[in-house]
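S.K.:
There are 2 protein chains.
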Amino acid sequence: MASYIERLNSAIIAKRAPVVVGLDPRKEQLPPGLMESAKSGHSHYSDATATAYERFCFQIIDIVAPLVPAVKPQAAFFEELGPSGSLVLASVIRRAREAGLIVICDAKRGDIGSTAEAYARGYLAGSDRNAAPWSADSLTVNPYLGPDTLQPFVDVAVQREAGLYVLVRTSNPGAAGFQDLIADGQTHYRHVAAAVEQLAQETRGEQTYGAVGAVVGATYPQELAELRAAMPHTHFLIPGYGSQGGTAQDIAAAFDADGLGAIVNSSRGIIFAYNNAKYKDQFAPEQWESAVEAATRDMIADLAEHTPAGALGG
Amino acid sequence: MASYIERLNSAIIAKRAPVVVGLDPRKEQLPPGLMESAKSGHSHYSDATATAYERFCFQIIDIVAPLVPAVKPQAAFFEELGPSGSLVLASVIRRAREAGLIVICDAKRGDIGSTAEAYARGYLAGSDRNAAPWSADSLTVNPYLGPDTLQPFVDVAVQREAGLYVLVRTSNPGAAGFQDLIADGQTHYRHVAAAVEQLAQETRGEQTYGAVGAVVGATYPQELAELRAAMPHTHFLIPGYGSQGGTAQDIAAAFDADGLGAIVNSSRGIIFAYNNAKYKDQFAPEQWESAVEAATRDMIADLAEHTPAGALGG
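Okay, here's the thing in structure tokens:
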């Protein structure tokens, strides 16, 4: 098999799209009919919702698998439903991998010692889909507890040819609150970035990028450019495109000259495109799947036009 | 019903013990016979392990419920097993609440906006056990993403009369890595502490302590004393006692004069006491339940002797 980065880069080049579709099912935004049809056969509301989420995500996977390299399920929306949601998260990940997609599980886990290792073993399947019950290719992790707490995640990732994305600069309006505090002349997130870049270097082998990547929000373009320069061996996962306000121009500096080095996420902007002003006139709610496809194609074209991703695949 | 802090303080005073028993099941340390007997009836190893974890945790709950106010399941060890582990986590929490215990779910979640709210809604049942599928009284959360990302957790906690513990100073050897960086003349964790104390103030009503607490490790006694002074309205959850090296003397400064204001966790030191040098001679592996009870009583006595908890219950 191949390392996470080799598998991811191959898929990005094959699809000519550095795009990850976020699977963030939300009850109140599901397309019409999905909840209603899921209700038959379930006495519990949360079980019916879980079934609706599964069908919704399966359909999205079928639509986007030919177009993009990766999907990113957001664990929170599944866990909100309890164990039946956790079961659906696992089944959605498996379905995506069977469809040939790379799966970035967005669970933002973080803990110490053998506890961190337990999370890593549970989520990081890496190259062997059967190596972990939630069989993700990579996982988002939180660095607050300290550099030593990243190591168990790294060890499992390397062993399983899986990947990690450590939170460095997040996309929320209040990210600056703690991440921008300045110590020793550098922002806090730059200290975290230095530790992540070191792990990326240590895990890259012959590749440009290592198994350890960074989450860097699209909503802070200057920080994105600064971090690309400071982290030449770190692959970026970039949330905040579209619904959160980040544009393709904002993201351009995150890529290397080959159009690699970063993967850009859109969640609501794609999966609930039928609800967006841009697609509302074009597609009726019943045509939500066509809206998903149109929004995905539009995002790929937008990145190809305004970022180095246009160079992908020659 | 009553707020989280009212319910917790009543339980601490009734048991005269500021002790929370950590439910951290680990396959390789389970008492003899548990895995073997769970294997019958399961074709999958992880399902058998989940059943063994459930039985183990249920037995511990039965032993400690008369002695301590609270238990703290560590989500990672359940999630490691996949969806069957998640199901057992939910059942363990329900069993503990039926036994009258306060449940602190140690899941260290953290995310932004509606995603943070989804985690909060999934875990924080608070005073109404049926309000959330994982029906915890309180949840540990990670502040890295910014103060704005704590607010959705706080809103759900207040609405459901539940509690939160925000990571401030963790107990791992490398905690200093990022938490001790100095900005504006203060350590990073002091900046987080200031935000948490404000939330504690805003959520305390007539009580001394608010719905928002802090995780502060027992392994850094000086920081514990410093934070108690800086956070007069913040309840402390203190890991690191026992197996990780923190002593009762190290923790003494975390309490107020009434013996309230903090709850101290022991996990391995209690649940796997039959494996500890101190109890090995006294109890055979088959007597692991007696070792759990002895270790729990010893910890309560130790805290009563060496901390203000001796004043509990008059």
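From first to last, the protein sequence lines stand for chains A and B.
According to our numbering, the first sequence is numbered sequentially starting from 403.
According to our numbering, the second sequence is numbered sequentially starting from 403.
Cβ coordinates follow ideal geometry from the N, Cα and C atoms, glycine included.
#1: From B:Lys474, B:Asp683, B:Gly642, B:Ile653, pick the residue whose C-alpha is nearest to that of Gln624 of chain B; which is it?
#2: Give me the residue from A:Ala664, A:Thr621, A:Gln646 with the minimum Cα distance to Arg630 of chain A.
#3: Roughly how many angstroms lie between the CA atoms of Gly587 of chain A and Leu626 of chain B, to the nearest whole one?
#4: At a Cβ threshold of 8 Å, is Glu481 of chain B touching chain A?
#5: Short of 8 Å in beta carbon distance, which residues of its chain neighbour Val470 of chain A, apart from the five on each side in sequence? Order them along the chain.
#6: So what's Asn667 of chain A in DSSP terms, helix, strand or just coil?
#7: What is the C-beta distance between Tyr455 of chain B and Val505 of chain B, in whole angstroms, given that I count them as a contact (C-beta under 8 Å)?
#8: Report yes or no: do the region 664 to 674 of chain A and the region 632 to 650 of chain A share at least 3 C-beta pairs separated by less than 8 Å?
#9: For the region 628 to 681 of chain B, which segments carrying the beta strand (DSSP E) assignment without a break, of at least 3 residues, lie completely within its bounds, in sequence order?
#10: In its own chain, which residues sit with a C-beta less than 7 Å from the C-beta of Leu432 of chain B, not counting the 5 before and 5 after it?
#11: Which residue or residues does DSSP assign as beta-bridge partners of Gln476 of chain B?
#12: Strictly below 7 Å CB to CB, what residues from chain B border Ser488 of chain A?
#13: Who pairs with Ser540 of chain A in a beta bridge, going by DSSP?
#14: So, using beta-carbon positions, are Val594 of chain A and Phe580 of chain B closer together than 8 Å?
#15: Any idea what DSSP makes of Gly424 of chain A, helix, strand or coil?
#16: By the three-class DSSP mapping on this structure, what secondary structure does Arg418 of chain B have?
#17: Determine the contact status of Gln543 of chain B and Thr605 of chain B, defining contact as a CB-CB distance below 8 Å.
#18: If you compare alpha carbons, which of A:Val614, A:Leu552, A:Ala452 is closest to Ser516 of chain A?
#19: Please state whether DSSP places Gly615 of chain A in a helix, a strand or coil.
#20: Using a Cβ-Cβ cut-off of 8 Å, state whether Asn677 of chain B counts as contacting chain A.
#21: Output the distance between the C-alpha atoms of Gly647 of chain B and Ile672 of chain B, rounded to the nearest integer angstrom.
#22: Under 8 Å: do the region 403 to 410 of chain A and the region 522 to 539 of chain A share three or more Cβ pairs, one atom per stretch?
#23: Measuring alpha carbon to alpha carbon, tell me which residue in A:Glu438, A:Pro427, A:Ala472 is nearest Ser412 of chain A.
#24: Out of A:Ile465, A:Ala478, A:Arg499, point me to the one whose CA is closest to Arg409 of chain A's CA.
#25: What in chain A is Cβ-close to Gln624 of chain B, meaning under 8 Å?
#26: Does the beta-carbon distance from Arg496 of chain B to Ser540 of chain B come in below 8 Å?
#27: What span of residues does the alpha helix (DSSP H) with Leu583 of chain A cover, start to end?
#28: When you compare the CB of Gly515 of chain B with every CB in chain A, is at least one pair closer than 8 Å?
#29: Please name the residues in the region 559 to 580 of chain B whose beta-carbon is closer than 8 Å to at least one beta-carbon of chain A, in chain order.
#30: Name the two residues that bound the continuous alpha helix (DSSP H) containing Ile462 of chain B.
M.R.: The structure says:
#1: Considering only alpha carbons, the answer is B:Ile653.
#2: Among A:Ala664, A:Thr621, A:Gln646, the Cα nearest to that of Arg630 of chain A belongs to A:Ala664.
#3: When rounded, the distance between both Cα atoms is 27 Å.
#4: Cβ-Cβ to chain A under 8 Å: yes for Glu481 of chain B.
#5: For Val470 of chain A, where only same-chain residues beyond five positions count, the Cβ hits under 8 Å are Lys417, Ala419, Val421, Val422, Val423, Leu503, Thr698, Ile702.
#6: The answer is strand: DSSP assigns Asn667 of chain A an E or B state.
#7: Contact between Tyr455 of chain B and Val505 of chain B is ruled out by a C-beta separation of about 16 Å, above the 8 Å threshold.
#8: Yes, the region 664 to 674 of chain A touches the region 632 to 650 of chain A.
#9: Runs found: 638 to 640, 664 to 668.
#10: Hits under 7 Å: Ala454, Phe458.
#11: Gln476 of chain B has B:Asp508 as its beta-bridge partners, per DSSP.
#12: Taking a Cβ-Cβ threshold of 7 Å, the residues of chain B close to Ser488 of chain A are Pro485, Ser488, in chain order.
#13: In the DSSP output, where bridge partners are listed per residue, Ser540 of chain A has A:Ile506, A:Gly565.
#14: Contact flag set, yes.
#15: In the structure shown, Gly424 of chain A sits in a strand (DSSP, three-state: E or B).
#16: Secondary structure at Arg418 of chain B: coil, using DSSP grouped into helix, strand and coil.
#17: Reading the sequence as shown, one finds Val at residue 543 of chain B and not Gln. No.
#18: Taking only the C-alpha atoms, the option nearest Ser516 of chain A is A:Leu552.
#19: Strand at Gly615 of chain A.
#20: With 8 Å as the cut-off, Asn677 of chain B does not count as an interface residue toward chain A.
#21: For Gly647 of chain B and Ile672 of chain B, the distance between alpha carbons rounds to 14 Å.
#22: The region 403 to 410 of chain A is in contact with the region 522 to 539 of chain A.
#23: Minimum Cα distance to Ser412 of chain A is reached at A:Ala472.
#24: Cα-wise, what sits closest to Arg409 of chain A is A:Arg499.
#25: Think of a sphere of 8 Å around the beta carbon of Gln624 of chain B: no beta carbon from chain A falls inside it, the nearest being about 18 Å out.
#26: Going by C-beta atoms, Arg496 of chain B is not nearer than 8 Å to Ser540 of chain B.
#27: Where Leu583 of chain A is concerned, there is no enclosing alpha helix (DSSP H), given that its DSSP letter is neither H nor E.
#28: Answer yes: the Cβ-Cβ gap between Gly515 of chain B and chain A drops below 8 Å somewhere.
#29: Flagged, chain order: Leu569, Thr572, Ser573, Asn574, Pro575, Gly576, Ala577, Ala578, Gly579, Phe580.
#30: Element bounds for Ile462 of chain B: 447 to 466.
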